[in-house]
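Working notes for the structure below.
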Amino acid sequence: MELRHEVDFGDVPTARELTPDENIQLVKPDLLVVLNPLEGKVAIKEANQAKIPTIGIIDTNVDPDCVTYPIPANDDSNRSTNLICGVLARAGEAGYNRRLFKYQQYKKRTDNSEQEAIEPATATATATASA
Numbered sequence: 001m002e003l004r005h006e007v008d009f010g011d012v013p014t015a016r017e018l019t020p021d022e023n024i025q026l027v028k029p030d031l032l033v034v035l036n037p038l039e040g041k042v043a044i045k046e047a048n049q050a051k052i053p054t055i056g057i058i059d060t061n062v063d064p065d066c067v068t069y070p071i072p073a074n075d076d077s078n079r080s081t082n083l084i085c086g087v088l089a090r091a092g093e094a095g096y097n098r099r100l101f102k103y104q105q106y107k108k109r110t111d112n113s114e115q116e117a118i119e120p121a122t123a124t125a126t127a128t129a130s131a
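Mapping the sequence shown onto UniProt numbering, position 53 (from 1) lands on 53, and the numbers just tick up by one.
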């Protein structure tokens, strides 16, 4: 069974209608990173319509209100954009690893609680059968 990924735009109307028998998983991005908001105006506009937060490198020639989280820096310099992208990538990786660790802990707790719920029922059934 293959899951197809579609973007869930919430309030944004789309022309595509999904049939009930389609097996899909709706995925909405958590964040949009824009290195040059002047060139990414359309992407920022669509993200704002879909209520997706945006991070952008804001130079003196860009309005900081166009993105949710502005980063004041020179967007024309390769060195500054590489530094900012590296920091954001490491932060994203750390967040992903933390989320994965918490999910594994949750999964382990739920598996243990299910096992504990099964064991008393089995012990009661064997005690009743032997009596």
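Beta carbons are placed, not taken as given, at the ideal position from N, Cα and C, and that holds for glycine.
Original post:
Sorted by chain position, which residues of the same chain lie with C-beta nearer than 6 angstroms to I55's C-beta, five sequence neighbours on each side aside?
Top reply: V33, Y69.
>> Considering only their Cβ atoms, is the gap separating I57 from L35 smaller than 7 angstroms?
In response: Yes.
Exercise for review: Would you kindly check if the distance between the Cβ of I52 and the Cβ of F29 is under 7 angstroms?
Suggested key: Note on identity: in this sequence residue 29 is Pro, with Phe being the wrong assignment. Closer than 7 angstroms, so yes.
Check your understanding: What is the rounded straight-line gap between the Cα of C85 and the Cα of L31?
Key -> Distance between the alpha carbons of C85 and L31 is about 14 angstroms.
task: List the DSSP bridge partners of Y96.
output: DSSP lists no bridge partner for Y96.
Just the C-alpha distance for V67 and N48, rounded to the nearest angstrom, thanks. So the alpha carbons of these two residues sit roughly 8 angstroms apart.
#### Entry: Where the beta strand (DSSP E) containing I44 begins and where it ends
Segment 41-49 is the alpha helix (DSSP H) holding I44; no beta strand (DSSP E) there.
TODO: List the endpoints of the continuous beta strand (DSSP E) containing I55.
DONE: 54-58 is the extent of the beta strand (DSSP E) around I55.
Note to self: Using 8 angstroms for Cβ pairs, my map puts D59 next to N74. What's the rounded Cβ distance?
What the structure shows: Under the criterion of beta carbons closer than 8 angstroms, D59 and N74 qualify as touching, at roughly 6 angstroms.
**Asked** How far does the beta strand (DSSP E) with V34 in it reach, from first residue to last?
**Response** Unbroken beta strand (DSSP E) run through V34: 32-34.
| What are the start and end residues of the beta strand (DSSP E) that includes P37? | In the DSSP assignment, P37 falls outside any beta strand (DSSP E) and carries neither an H nor an E.
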